[in-house]
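J.: Chains as they are written, first to last, in my numbering: chain A, 18 to 125; chain B, 110 to 468.
Okay, here's the thing in structure tokens:
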């Protein structure tokens, strides 16, 4: 896979949906909001370049990236199209991975 | 070729359908698995967060005192440097003592003078008391004279009628009695005069006490020239150097007590529900990010002023939409355990704390 195609593919995996964009966007927004509310109560802070960032922000970012990786794998094994319920499956994965990372790394 | 064979000549389509249905089941399992995992993780996170309230914008604090000279003068010894550690009893600085030594000598001399004056006053009073006694003796003498003159008159006066005594003799005796009477009055007046002229010793005593107090003050001022560390401490914000003139009451540096580290965390009011004094705390100091130290909740603030109310004598009506209301924060004082390495403890360090309630 050449780098250009790789970038394109990465962007494609993160595209919320190919079928019902508005609905997925709605759920993704909900996901982010609920994650923020859930985690902001006890956010650790991480120093990045001289400023402290909340841990939930980092967790969500890593959650999103890991979800992209998992979606990539599921596409390669041909299961992506069969994930049901499609509209909340991937957002739930984002929530799960975010919280998992948060619970493992940022609770002391 | 039957219809069945026409539709599915090799059985491929049936195979495909099987594979599709197994993929559909797997997809549903994965999809719903994600949802269930997310719900479980959310429940765990919520439970953990509500039992372990956390606050990130705290600061590390310690008891601090500003050191200011109690007497003025040039600093002639300053063995300490800024940011240095000192132990209890170590010399911090020394103000030139010569003027204060002279003041002590002067006060000493004043005291000696006052004591001498006190002794003199004692002698003077003794002399005055002797005068009183002398006047009293004169009074007794005058009274004896009066008694004699009275007896003489009383003896002579009846003899006048029988002409055994002349009128002259009676008149003389009467005059003598009256003179003796006047002598008694004069002696009484002299006693009173002598008594009232006896000085009181209290004035000299008060002067001696005042001189003694002045000496004590001068000695104290001399002692104030040498300033020693009142506790184990770190020097900070040193604004003076050797030879500089230290003015009385003007702060020259700050001492940070190294045995009194605590963290002040402004917890939100909603987090104070289950928190109580003595709860264990995990503290992260950003001077050693990634390391966690133990502490305990020492106290929870009983009051905090919302920003809108500061420095105002009139009601403050903030010009803002108030459909989002920020939570009030209260300072929670967390005592740090003693095992925190001294080199990372700095007043003002950003500190994050997690209180473990219900443990």
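Positions of the beta carbon are idealized from the N, C-alpha and C atoms, including for glycine.
Bear in mind the structure is a predicted one, so any value in this text is a computation, not a measurement.
For residue 67/A, is the classification buried or exposed, using 16 other Cβ atoms within 10 angstroms of its Cβ as the cut-off for buried?
T.: Under this definition residue 67/A is an exposed residue.
J.: Check the C-beta distance from residue 345/B over to residue 367/B and give it rounded, since I have them as a contact under 8 Å.
T.: About 12 Å; that fails the 8 Å criterion.
J.: Give me the chain A residues within the contact set of residue 398/B, using Cβ-Cβ distance strictly less than 7 Å, ordered along the chain.
T.: 64
J.: Considering only the alpha carbon of each residue, which of 307/B, 274/B and 349/B lies closest to residue 183/B?
T.: 349/B
J.: Measure the CB-CB distance between residue 442/B and residue 408/B and report whether it falls below 9 Å.
T.: It is a contact, given that the beta carbons lie within the stated cut-off.
J.: Compute the Euclidean distance between the alpha carbons of residue 202/B and residue 326/B, then round it to the nearest angstrom.
T.: 20 Å
J.: Please report how far the alpha carbon of residue 273/B lies from the alpha carbon of residue 287/B, in whole angstroms.
T.: 23 Å
J.: Considering only heavy atoms of the ligand NAP, does any lie closer than 8 Å to the CB of residue 411/B?
T.: No copy of the ligand NAP appears in this structure; indeed no ligand is present at all.
J.: Can you tell which of 340/B, 314/B, 342/B and 140/B has the C-alpha that lies nearest to the C-alpha of residue 221/B?
T.: 314/B
J.: Could you name the residues that DSSP lists as bridge partners for residue 461/B?
T.: 393/B
J.: For residue 335/B, name the three-state secondary structure that DSSP assigns.
T.: In the three-state reduction of the DSSP assignment, residue 335/B falls in the strand class, which pools E and B.
J.: Specify the secondary structure class of residue 58/A as computed by DSSP and reduced to three states.
T.: In this predicted model, residue 58/A has a pLDDT of only 49, less than 50, meaning its place in the structure is not dependable enough to derive any value.
J.: Within the chosen definition, does the region 329–337 of chain B reach the region 149–159 of chain B through at least 3 CB pairs nearer than 8 Å?
T.: no
J.: If you measure from the beta carbon of residue 139/B to each beta carbon in chain A, is any gap under 9 Å?
T.: With 9 Å as the cut-off, residue 139/B counts as an interface residue toward chain A.
J.: What are the complete beta strand (DSSP E) segments, minimum 3 residues, inside the region 423–458 of chain B?
T.: Given a length threshold of 3 residues, each whole run of the beta strand (DSSP E) inside the region 423–458 of chain B is given here in chain order: 438–445.
J.: Among 224/B, 252/B and 460/B, which one has its Cα closest to the Cα of residue 293/B?
T.: Comparing C-alpha distances from residue 293/B to each of 224/B, 252/B and 460/B shows the shortest one belongs to 252/B.
J.: Could you check whether residue 171/B and residue 370/B sit closer than 9 Å to each other, using their CB atoms as the reference points?
T.: yes
J.: Tell me which residues share the same chain as residue 227/B and place their Cβ nearer than 7 Å to its Cβ, disregarding the 5 neighbours each side in the sequence.
T.: 313, 314 and 317
J.: For the alpha helix (DSSP H) that residue 163/B lies in, which residues bound it at each end?
T.: No alpha helix (DSSP H) contains residue 163/B, which is instead part of the beta strand (DSSP E) from 163–170.
J.: Residues in its own chain within less than 7 Å of residue 59/A by CB, not counting five upstream and five downstream?
T.: The predicted model places residue 59/A with a pLDDT of 46, which falls under 50 and marks its position as unreliable; any figure quoted below should be read in that light. There are no such residues.
J.: Against residue 153/B, what residues of chain A qualify as contacts under a CB-to-CB distance less than 9 Å, listed in chain order?
T.: Correct list: 116 and 120.
J.: Rounded to the nearest angstrom, what separates residue 324/B and residue 359/B at their Cα positions?
T.: 25 Å
J.: Taking Cβ to Cβ, would you say residue 451/B is nearer than 9 Å to residue 167/B?
T.: no
J.: Secondary structure at residue 203/B, three-state DSSP: helix, strand or coil?
T.: strand
J.: Does any residue of chain A bring its CB to less than 9 Å from the CB of residue 60/B?
T.: The shown model of chain B, from 110 to 468, leaves out residue 60/B, and the question about it has no answer.
J.: Which of the three DSSP states, helix, strand or coil, is assigned to residue 107/A?
T.: In the structure shown, residue 107/A sits in a helix (DSSP, three-state: H, G or I).
J.: Which same chain residues end up closer than 6 Å to residue 76/A when comparing Cβ atoms and leaving out the 5 residues on each side of it in sequence?
T.: 115, 118 and 119
J.: Give, in chain order, every residue of the region 100–111 of chain A whose Cβ lies closer than 9 Å to some Cβ of chain B.
T.: Cβ contacts with chain B: 100, 101, 102, 103, 105, 106, 107, 108, 109, 110 and 111.
J.: Looking at residue 266/B and residue 282/B, is the spacing between their C-beta atoms short of 9 Å?
T.: Against a cut-off of 9 Å, the Cβ pair of residue 266/B and residue 282/B comes out as a contact.
J.: Where does residue 73/A sit, in a helix, a strand or coil, going by DSSP?
T.: Three-state DSSP puts residue 73/A in a helix.
J.: Whole angstroms is fine: what's the gap from residue 142/B's alpha carbon to residue 104/A's?
T.: 14 Å
J.: Can you confirm whether residue 113/A, when its beta carbon is compared against all beta carbons of chain B, has any partner nearer than 9 Å?
T.: yes
J.: Which of helix, strand or coil does DSSP assign to residue 344/B?
T.: strand
J.: Let me check understanding here. Comparing Cα to Cα, which of 191/B, 144/B, 454/B and 257/B lies closest to residue 109/A?
T.: 144/B
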